[in-house]
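Chains as they are written, first to last, in my numbering: chain A, 3 to 287; chain B, 3 to 287; chain C, 3 to 287; chain D, 3 to 287. For glycine and all other residues, C-beta sits at the position ideal for the given N, C-alpha and C. A quick note: this is a predicted structure, and the numbers were derived from the prediction, not measured. This report concerns only the one structure given below.
4 protein chains.
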Amino acid sequence: MSPQNYRLIISCPDRVGLVAAVSSFLASEGGLLTEANYFRDPESNWFFMRQVIAADSLPYGPEELKQRFSPLAEQFNMEWQLTDTNVPKRVVLLASKQAHCLSDLLYRWRSDEMAFDIPCVISNHNDLRSYVDWHNIDYHHTPADADNKTEHFATVEKLIEDSNADVIVLARYMQILPPEICAKYSGKIINIHHSFLPAFVGAKPYHQAAERGVKLIGATCHYVTSDLDAGPIIEQDVVRISHHDSIPDLVRKGKDVEKTVLARGLRNHLEDRVLMHGNKTIVFE
Amino acid sequence: MSPQNYRLIISCPDRVGLVAAVSSFLASEGGLLTEANYFRDPESNWFFMRQVIAADSLPYGPEELKQRFSPLAEQFNMEWQLTDTNVPKRVVLLASKQAHCLSDLLYRWRSDEMAFDIPCVISNHNDLRSYVDWHNIDYHHTPADADNKTEHFATVEKLIEDSNADVIVLARYMQILPPEICAKYSGKIINIHHSFLPAFVGAKPYHQAAERGVKLIGATCHYVTSDLDAGPIIEQDVVRISHHDSIPDLVRKGKDVEKTVLARGLRNHLEDRVLMHGNKTIVFE
Amino acid sequence: MSPQNYRLIISCPDRVGLVAAVSSFLASEGGLLTEANYFRDPESNWFFMRQVIAADSLPYGPEELKQRFSPLAEQFNMEWQLTDTNVPKRVVLLASKQAHCLSDLLYRWRSDEMAFDIPCVISNHNDLRSYVDWHNIDYHHTPADADNKTEHFATVEKLIEDSNADVIVLARYMQILPPEICAKYSGKIINIHHSFLPAFVGAKPYHQAAERGVKLIGATCHYVTSDLDAGPIIEQDVVRISHHDSIPDLVRKGKDVEKTVLARGLRNHLEDRVLMHGNKTIVFE
Amino acid sequence: MSPQNYRLIISCPDRVGLVAAVSSFLASEGGLLTEANYFRDPESNWFFMRQVIAADSLPYGPEELKQRFSPLAEQFNMEWQLTDTNVPKRVVLLASKQAHCLSDLLYRWRSDEMAFDIPCVISNHNDLRSYVDWHNIDYHHTPADADNKTEHFATVEKLIEDSNADVIVLARYMQILPPEICAKYSGKIINIHHSFLPAFVGAKPYHQAAERGVKLIGATCHYVTSDLDAGPIIEQDVVRISHHDSIPDLVRKGKDVEKTVLARGLRNHLEDRVLMHGNKTIVFE
C-alpha cells in the first residue's frame, strides 16, 4: 500500500511570494513535500499549485492542516482543497450496452491499479449486469426510452446523490445528461467522446471520420458541461487508420483509444492533477 | 542509384479475374514484380492496384508497355497510368515567408532522399530568395497584396505552366488559389494545413487550438480543391501539447509536424502511392 | 457475423509469373479476392502472398479448393496453407498470477472483437480461477515450483495436446518452456515480453530500464523458440516515461503496452497475417 | 524577443523546508517566478529544482543575485548554477559527411527557433563546408584518418577551447572522442546515437536492427562519457518500420528520428531543463 499523503491544490491570482508563503507555511508545520507542481498562466496572471505532503511528517491530521492553512488561503484569495490519499474517491459509473470502457475501469479497480471506490454502476440496459455482479458491485438498471427520459434522469440523479459520489464517469453512457445535473456536478462528471474533439462533435463520429477520409481517429476525455462535447478537455489521443479500415474497424480501433484515454483522464482526476481554468485544464503530470 | 522501375497504377470497377488479367499480362511480357498492392473498396466495388515492374525484366521501353497494356485497360474500363522512375516528377514549390517546410523539402531534394526536380520556387515575398539561390534553383517573386491578387495568380499560373509542373506544393504559401487553378491542376496540388483537419479549418488554427484547450495539435497534407481545407487527405499526424505551451510554443511544435507530414505526403505522391477515390485517398504504403 | 472467407497463405522462391499463376488459378475457379498482399524479399528472392477469397464465390468447399490448388503449389515449391474463417483457431492461454493480459484477451474474446476459441486456461497459480470460471472456460492449475517443473511441463504439454490447440499464448506466464515444447509447437507459441527487445532480455526488464534511465519503455510480442527472448518478433510498441516514474509506475504503464501489443500480435496471427521468414516476420497489415 | 529571465538550477540532499528556503529568498528579493519545477528522488533522497525568475522583477543583475544566493546554497550543500537567458550558450557542432542533423540544427538556429551561438563547425570532411559557409559560420576541416587520429583530436580540442564552447554537439560525427576530452567536458558533450539504446550499441545499428527483425527503430540523445553509448540519456524516440523497409529505408526513416531527438535533447539542455543524477537525467519539461 502507498504511504498516506495529503494533496494541497490551489489556484489564485499570482503575486510575488506566493510559492514562498505556501511552502514556508508547510515547512513550519514540518511537512515534507514529495511532489510539487506549479504553473503560472501569463495571460490571466493566475497561479496553480499542487503539493503532495507526506502525512507522517505532520503531527496532526488533515482537518487541523486545513484549519491552520485557512488564513493564508484567505489572504491570497485562493480556491483550494486538501485531499487525503487514505480517503479514496467515490466513482459512480454510467454505462449503456458497450462493455469496453466499463471492463477496463473495473479491471483497474479490482487490480488496485487505480485507487477509487465504486458505489454502483448505473445503466439504461441490463447487458452488463452479470459482469458487474461478479465484482460484487451494485448494478442499477433504469431504462431510458423516449417516453421515460425524465424518470430515467430523476432516478440517475437520486442514485448519484444516495451514493455520495465524488465523480461520475460516463463510460460510453450514450445519453445526454440534462443541464441541471451537469450544473449540479460541475467539474465532477467525466465523459469519453469517441472522436478527437473538436472534430466530429455529436453522433456517430466514426461514420463522420470515415466520410471525411481522415488518417487518424481519436478519443477525448472531458468534463461535462451543458454544452454538448464542448467541456474542458482532460486528455486526448489518436490512432492511425488507413483505407483498409472499414467503419467496424474504426469502431474496434477506436475502442482501444477510448478506454486508454478515459483511464488516463480519470487517473489524473483521481490524483487531483487536473485543475479547471475557464474552459481549459491544467494537468500536472 | 535505385534500379529503374515502371509503376502501373490502376483503378476500375472490380470483377473476378482482374488481378489475374493484369498479372498474367505482365508475366507474359516477362515483367518482374518488385512491389504489388491491391485494394478493393467493398462499398463502391471499386478496385485499386499499384504494381512496380523491374524495367530490365522487359525487352522494351515504357511507351511500348503502355501500348501493349492499352487493350486490357479498355476492356476493364480502367483509369490508369504508367510512370517511369527514371523520369523524376517536376515539383513547383510555392511559399510565403516561413522557411520550415521549404527548407525541409530542399534538404530532402539536395540529399537525394526524395527523387524529384524543382523547376522553380514561387513566393509572394523575397525572404527566402537567398536560401533558394544557394541551391541554384530559380526563385520567382510575385507580390500578392490586396490590390494585385489577380495579377499575382496570373503570374503563378503562367510560371507553373512554363515549368511543365507535375506537382505543385503549397509549402505554407498562405494564399487561397482561385478555383480555376484548383480545377486545372486537380489531384496535382498538395497543401499542408496546420491543423488536424477537419478541426480548425481556416485561419490561425493554432490560436483556435489554444482557445479550445486541446491536448494534441496536428497537421494535414491534402490535395487542394476549390473547397477550402476540404480536399482529399493524404497524410496527418499530431504532437502532444500541454498547458505549459503558449501559442508560440504551439507554432514551434506544429512546424515540426507540418514539415514531417508534408514530406511524407509528398513522398507517397511522388512514388505514385496515392490514389484518389471521390474525396478520399487510398495510400499504398 | 463476418462473411465466410478462405485465406490462402503462400511463401516460395520468386519467379516471373507467380502472382499471375496464383491469381489466374483463383479467377478460373471463380474466386473473388477481397484482400491480397504480396511481398518480395529482394535479399533472399523469396515471395510471400496472402489472398482472401470470398467463400460464396466458389461452387465448392475448402477441401476441394486445396486439392485443386495442390498441383500449382508443387510446381512452384510453395509452403502454403488454406484457412477457413468459419473455423476459429483454438487458443490455449497460459498465465501465472498477473491478470492484465489474460483479462484483456478474455474481454476481446467475449465481446467477439477477435474470433477464436479458448479450450482452456493453464496456470501455475490459482489466483485467476474465479475470473476465468465466470467466462465458463476450463481452468487448469498445475504448480511450477523448483521441485516439480518436469511434472508441470508434462502436464502443460498434455493439456495442450488434449485441447487440440492451434495457438499457445504465454500471457505473462513467467515460466521458460522446455526446448522440446518450443520445437514441437514452432511458430505456434506466442509470448509477450515486457521490454522493447533486444533491449533488456531476461528477468526484471523494468528494473533494468529504470537502472539505465531510458525515456521510453516497451513490449514485444514474438514467437517462442528455445533461444530465450530471441524468437521472431511479431509486434512491438513503446510508451514514454520520465524521471517521475518509479519502478511501480513503469510496471503499471508497461502493462498497458504489454496487453495492447499482445492483442495486436495475436490478432495478426489469428488472421494469418504473420509469415515467418528465418528469424523475421512478414506482417501483412 | 523573449523577455530576459534567470534560471536557477539546484540539486542537493532533500530536507524539510528546502523549497520554502529557496522561494522565500527569491520572494524577499522581489523575484517573480515564471516557471518552477521540483523533483524529489525518493531512493537517493535528493532534490532537484529549476526556477525561472523574471529579470525585470529584480533591482540588480545576475552577479549580485548569485552573491546573495550563495550563503543559502552553502547552508544546504547545493550544487547550483544561475544562467541568464540574455547570454546564449556557445555550441560547437562536430559533423562528418552526413548533413541531416547539422542541417536541422542550422535551420533552427537561423530561424531563431532555438537560442544559441555557433562559434564554429568542425568536421573530418569537407562535404558540408559550402552549406555552413552560406550561414557565415566558421568551418574547420581536420581529417581523421587511421594515421592522424591523435592530431585530429588535438586539433578538435584546441578548436573547442578557443571557441569557449559551453556545449559540444556530435551531430553524427562518427568518431569516438578520447576519454580525456569526454572527462574534460563532462555533461557538456551531447551525442545522437542512431538506435534506441541500450539496443544496438556500437556500429551499424540499422543493420543490427534489420538483422534482428524489430518493428520499431529509434534514436537516443545522450551525454557522452568515456563508456561508449552508455552515458546519461536525455531523449529518445522511435518510428515504426515493417518488412517492406530495406536497410536504406531504415537509414532514411531513422534520419528523421535522429534529427528530431537531437533537437529536442539539445533544446532541453540549452534551456537548463536537464539535470544529471548519476547515470540518469531529470528532464523538466
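For A212/C, the CB contacts under 7 Å within the same chain, skipping 5 residues up- and downstream, are I249, L252 in chain order. Taking C-beta atoms under 8 Å as the contact rule, E37/D and V54/D qualify, at a distance of about 4 Å.
Taking a C-beta distance under 8 Å as the contact criterion, V24/B and I12/B qualify as a contact pair. For F198/A, the chain B residues whose C-beta falls within less than 9 Å of its own C-beta are F198, A201, V216, L218, G220, V240, listed in chain order.
Under a criterion of Cβ atoms nearer than 7 Å, the residues of chain B adjacent to I284/A are, in order, H245. By the rule that beta-carbons nearer than 8 Å mark a contact, I235/A touches chain B.
Looking from the CA of G33/D, the closest CA among D16/D, N7/D, L60/D, L10/D belongs to L60/D.
The beta carbon of R112/A sits no closer than 8 Å to any beta carbon of chain D. Note on geometry: alpha-carbon atoms of I170/C and V94/C lie some 5 Å from one another. In this structure A167/D is buried. Its beta-carbon is surrounded by 16 or more other beta-carbon atoms within 10 angstroms. For the segment 252-284 of chain B, residues whose beta-carbon sits nearer than 7 Å to a beta-carbon of chain A comprise N281, K282, T283, I284.
The three-state reading of DSSP puts Y40/C in strand, counting E and B together. Non-local C-beta neighbours of S98/C in its own chain, meaning closer than 7 Å and more than five positions away in sequence, comprise S125, N126, H127, R174, Y175, M176, ordered along the chain. Along the length of the segment 98-162 of chain B, whole alpha helix (DSSP H) runs at least 4 residues long occupy 102-112, 131-136, reported in chain order.
As the crow flies, the alpha-carbon of L84/B is around 27 Å from that of V123/B. Between N88/C and C14/C, the CB-CB gap reaches or exceeds 8 Å. Spatial neighbours of H154/B in its own chain (CB-CB distance under 7 Å, excluding positions within 5 residues in sequence) are listed in chain order as N126, T144, P145, A146.
Between the segment 274-286 of chain B and the segment 43-54 of chain C there are fewer than three C-beta pairs closer than 8 Å, too few to call the two in contact. By the C-beta criterion, the segment 203-211 of chain D is judged not to be in contact with the segment 178-193 of chain D, since fewer than 3 inter-stretch pairs fall below 8 Å. Beta-bridge analysis with DSSP links H224/A to N193/A, I235/A. The beta carbons of M116/C and L272/C sit about 6 Å from each other, so the pair counts as a contact at 8 Å.
Residue-level contact by beta carbon holds for A29/C and chain B, with a gap shorter than 8 Å. Proximity of chain A to S105/C at the Cβ level (cut-off 7 Å) is accounted for by Y109, in chain order. Taking 8 Å as the threshold, the shortest C-beta distance from L34/C to chain B falls below it. If you draw a straight line from the Cα of N270/A to the Cα of D274/C, it is about 39 Å long. Here F50/C carries a strand assignment [DSSP, helix/strand/coil]. One thing to note: L172/D has its Cβ within 8 Å of the Cβ of I194/D. Distances from the alpha-carbon of S244/D to those of V276/C, Q77/C, C103/C put V276/C closest. Considering only beta carbons, the part of the segment 91-104 of chain A lying closer than 8 Å to chain C consists of A101, H102, in chain order. Contact annotation: H246/C and P234/C have beta-carbon atoms that are not nearer than 8 Å. At least one C-beta of chain A is nearer than 8 Å to the C-beta of E115/C. The CB of Y40/D comes closer than 9 Å to the CB of L35, E37, A38, N39, Y40 in chain A, given here in chain order.
With a cutoff of 8 Å on beta-carbon distance, Y109/D and S105/B are scored as near each other. Scanning its chain for C-beta atoms nearer than 6 Å, with the 5 sequence neighbours on each side dropped, one finds around R92/A the residues D119, P121, N166, A167, D168, in chain order.
Interface flag for V134/D against chain A is unset, since no Cβ pair is found closer than 8 Å. Contact check for L199/B against D231/B passes: the beta carbons are separated by less than 8 Å.
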